[in-house]
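One structure is given below, encoded as structure tokens.
Residue numbers (this note's numbering), protein chains in the order written: chain A, 1 to 77; chain B, 1 to 150.
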């Protein structure tokens, strides 16, 4: 699955970054790399809010289907 | 895992010791590019000065001169700290216009910096602009979305 970053920038320069498709905690490290790159380009950032996406949303994004319990229905012959 | 985060920003270019160094600095170059984009959008130009109500020139790091604000929106960058501040003579000029120009500069520079950062990190980048108010597509208050895919 591809890794995606979507950044919405408002008129006041405030921005929202959404990370999709990063394994484990890698998205947090990627966010820090982007912030460091921005600092070098003249934009200092301060975190206002940060939250992990709900598990269901991540599974939907990654195309993981709900697990079944493996039971096979049988009919008496 | 994936997450969503919101950040406040402050413009702070890289500290420089001379004008020559500033000319070669990536943050100054990008800021100038952003000003040129806004200047083109408003039919204006970028200078190294603005003027006051009486027509007296005041030098600044960058001056954004537009037909709607011919005195100009100035940008001072403190070479020691890189701190960016806006300077202008607002006598007889709409505060809304000044605020809109200032916002466009900040938003354009931030968007270009995000695009540059993602490109440097090997993302394929696309940029989309839209109105914050779908009922007023010409609203100068815009939302810019930068998408990076790897």
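Positions of the beta carbon are idealized from the N, C-alpha and C atoms, including for glycine. Note that the coordinates shown come from a computational prediction; the quantities given were computed from them, not determined experimentally.
Interface flag, residue i vs chain B, CB-CB below 8 Å
| i | result |
| --- | --- |
| residue 29 of chain A | no |
| residue 50 of chain A | yes |
| residue 61 of chain A | yes |
| residue 17 of chain A | yes |
| residue 11 of chain A | yes |
| residue 6 of chain A | yes |
Cα-Cα separation, residue i to residue j
| i | j | result |
| --- | --- | --- |
| residue 58 of chain B | residue 11 of chain A | 27 Å |
| residue 54 of chain B | residue 93 of chain B | 14 Å |
| residue 39 of chain A | residue 55 of chain A | 31 Å |
| residue 103 of chain B | residue 3 of chain A | 30 Å |
| residue 69 of chain B | residue 101 of chain B | 9 Å |
| residue 53 of chain A | residue 17 of chain A | 12 Å |
| residue 64 of chain B | residue 25 of chain A | 43 Å |
| residue 118 of chain B | residue 56 of chain B | 42 Å |
| residue 27 of chain A | residue 33 of chain A | 10 Å |
| residue 32 of chain B | residue 141 of chain B | 21 Å |
| residue 28 of chain B | residue 13 of chain B | 7 Å |
Distance between beta carbons of residue j and residue i, contact taken as under 8 Å
| i | j | result |
| --- | --- | --- |
| residue 7 of chain A | residue 123 of chain B | The pair is not a contact, with the Cβ atoms about 11 Å apart (cut-off 8 Å). |
| residue 76 of chain B | residue 66 of chain B | Not really, about 18 Å apart at Cβ, beyond 8 Å. |
| residue 19 of chain A | residue 2 of chain B | 5 Å |
| residue 35 of chain B | residue 46 of chain B | 5 Å |
In DSSP terms, what residue i is bridged to
| i | result |
| --- | --- |
| residue 91 of chain B | DSSP lists no partner for residue 91 of chain B. |
Interface flag, residue i vs chain A, CB-CB below 8 Å
| i | result |
| --- | --- |
| residue 123 of chain B | yes |
| residue 53 of chain B | no |
| residue 66 of chain B | no |
**Item:** Contiguous alpha helix (DSSP H) assignments of at least 4 residues, all confined to the segment 6-66 of chain A
**Value:** Those alpha helix (DSSP H) runs which fall completely within the segment 6-66 of chain A and span 4+ residues are 26-40, 55-62.
**Prompt:** Hey, which unbroken runs of the beta strand (DSSP E) at 3 residues or more fall wholly within the segment 47-122 of chain B?
**Reply:** If we require 3 residues or more, the beta strand (DSSP E) runs fully inside the segment 47-122 of chain B come out as 57-66, 69-77, 84-87.
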